[in-house]
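For the sequence shown, this note's numbering begins at 4 and goes up steadily by one.
Each residue gets a CB set at the ideal place from its N, CA and C atoms; glycine is no exception.
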Amino acid sequence: MAVTSDSQHTGASPTGPAARRTGPGVGLGTLKRFLVLREGSIIVVTVITLLYFALSTSHFITATNFKTLLPFFAPYAILATGQVFVMINGEIDLSIGGLYLISPFIMEKVFNAGLPLIPALLVTLLICGALGAFNGFVVAVIGISSFVTTLGTLFALDGLTLVISHNTQITPVGTTILGTSTYENIFGAGVYSELFWALGIVLVLQLVLSFTRWGVYTVAVGGNRLGAAEAGISVRLVLIRNFVLCATLAGFVGIIESVRTTSATPDPSGSNDILFQGISAAVIGGTLLQGGAGTVVGALIGALFLGILHDGLVFKGVNANYLDLYLGIAILLAMVINVYVQRVRTGAGRGA
4 MAVTSDSQHT GASPTGPAAR RTGPGVGLGT LKRFLVLREG SIIVVTVITL
54 LYFALSTSHF ITATNFKTLL PFFAPYAILA TGQVFVMING EIDLSIGGLY
104 LISPFIMEKV FNAGLPLIPA LLVTLLICGA LGAFNGFVVA VIGISSFVTT
154 LGTLFALDGL TLVISHNTQI TPVGTTILGT STYENIFGAG VYSELFWALG
204 IVLVLQLVLS FTRWGVYTVA VGGNRLGAAE AGISVRLVLI RNFVLCATLA
254 GFVGIIESVR TTSATPDPSG SNDILFQGIS AAVIGGTLLQ GGAGTVVGAL
304 IGALFLGILH DGLVFKGVNA NYLDLYLGIA ILLAMVINVY VQRVRTGAGR
354 GA
């Protein structure tokens, strides 16, 4: 009888108040599991930042402000998605600033050579991709550091832009041939068209990273190149392919931004700014600089965080000289959080 009673006690499912008990520990456990997600920490930081500016400034949560905010962060999100693939491999591409700067001028030259608009766009993107392939070849085959390689390419492209443009601002091809309808036919109409492009690119590349052989090989090469090579993965091909992707997206952003603003200025300082914003979005979003892990969705959220931070500081009347200071502090805090989350994910929080 006693044995039967013990068996029933140990084998039965808990019922009554004990089974229905929910307390602070359950909520904390759920929060911890959420934060352990690679995008979890930056989502929390972004929401807190949004709430802070919404409560401390007037007219921040308005349709008018969103028309300014959403197009602002979309180009950074697209740049960051390409950077994520390179950074997962433990590399970095600084040339995206130069590609962003030069692509509208390449497209103008190609179009003036006699190609129709859409073929001129495709040829421009192919040229950008070829420059990315050059970066990948130098890094993967010759063995030069990606930092040094792409830094040299960045300076070369900035200088080449000044040469071919004669240091003169141009009106992009897409705004002069058929008027405003040209932009609508190719890139979509409306204030939020770049946002739709960003969301579409992020969705596609997150699926590529998570569910395709390209993504699996990218993560494998970033985590252990020797092991990936021994498993039959072409490490050089993976590296070159990701540099091509990153460069093509940078050129695409340069074109759509110049068409949206109806001007393209050969100003290297502007290219350097968008370069650091794109890399910052990828880093803040949870992509590790040492490689092996990253998230495209996180890069999108990181770009949104930068947009909210910039927009909110402007609303609060912060001196422009302080914007980079706060951006730097935000990146450092995000990296501290990401390092902690990485430690929890890899073993410190196994008992949670």
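Check, Outcome
"Supposed contact pair asparagine 245 and valine 89 - C-beta distance, whole angstroms, cut 8 Å", "5 Å"
"Extent of the continuous alpha helix (DSSP H) to which asparagine 245 belongs", "238-264"
"Alanine 302 in three-state terms, based on DSSP", "helix"
"Residue range of the unbroken alpha helix (DSSP H) whose run includes aspartate 357", "As shown, the chain starts at 4 and ends at 355. That puts residue 357 outside it, with no answer to give."
"Within 8 Å, strictly: CB atoms of isoleucine 145 and glycine 281", "no"
"CB of isoleucine 287 within 8 Å of CB of phenylalanine 308, strictly", "yes"
"Contact between the stretch 129-138 and the stretch 53-73 (3+ Cβ pairs under 8 Å)", "no"
"Residue(s) in a DSSP beta bridge with isoleucine 173", "Ala267"
"Reduced DSSP secondary structure (H/G/I, E/B, other) of phenylalanine 63", "coil"
"N-terminal and C-terminal residue of the alpha helix (DSSP H) that lysine 319 is part of", "From DSSP, lysine 319 is part of no alpha helix (DSSP H); its letter is neither H nor E."
"Same chain, Cβ closer than 6 Å to valine 47, five either side skipped, listed in chain order", "none"
"Collapsed DSSP secondary structure at alanine 123 in the structure displayed", "helix"
"Cα-Cα separation, glycine 139 to arginine 228", "15 Å"
"Cβ-based neighbour list, serine 168, same chain, cut-off 7 Å, excluding 5 preceding and 5 following", "Phe108, Pro269"
"Reduced DSSP secondary structure (H/G/I, E/B, other) of aspartate 327", "helix"
"Closest by C-alpha distance to leucine 165, when choosing among Pro271, Phe56, Asp327, Gly331", "Pro271"
"Validate contact between the stretch 69-81 and the stretch 206-224 using beta carbons, cut 8 Å, 3 pairs", "no"
"Alpha-carbon to alpha-carbon, valine 241 and serine 106", "24 Å"
"Same chain only: Cβ atoms within 7 Å of leucine 316, ignoring 5 sequence neighbours per side", "Leu326, Tyr329"
"For leucine 292, three-class secondary structure by DSSP", "coil"
"Inter-residue Cα distance where the pair is serine 148 and glycine 225", "15 Å"
"Where leucine 335 sits in the DSSP three-state scheme", "helix"
"Under 8 Å between C-beta atoms of alanine 284 and alanine 302", "yes"
"Own chain residues within Cβ distance below 6 Å of leucine 53, not counting five before or after", "Ile311"
"Residue ranges of each alpha helix (DSSP H) within the stretch 57-101, 4 or longer", "66-91"
"Reference glycine 93, options Val151, Gly295, Arg346, closest by Cα", "Gly295"
"Contacting residues, own chain, Cβ-Cβ under 6 Å from leucine 134 (five flanking each side not counted)", "Ala250"
"Local Cβ density within 10 Å of proline 122, reported as buried at 16 or more and exposed below that", "exposed"
"Beta-carbon separation (whole angstroms), phenylalanine 150 vs isoleucine 91, contact threshold 8 Å", "Not a contact, Cβ separation roughly 16 Å."
"CB contact check: isoleucine 145 to chain B, cutoff 8 Å", "Checking the listed chains, one finds no chain B in this structure; it contains a single protein chain."
"Exposure label - glutamate 233; buried when at least 16 CB within 10 Å", "exposed"
"Contacts around isoleucine 45, its chain only, beta-carbon distance under 7 Å, and the 5 residues preceding and following it disregarded", "Ile287, Gly288, Gly289, Gly301, Ile304, Gly305, Phe308, Ala337"
"Within 8 Å, strictly: CB atoms of methionine 110 and isoleucine 258", "yes"
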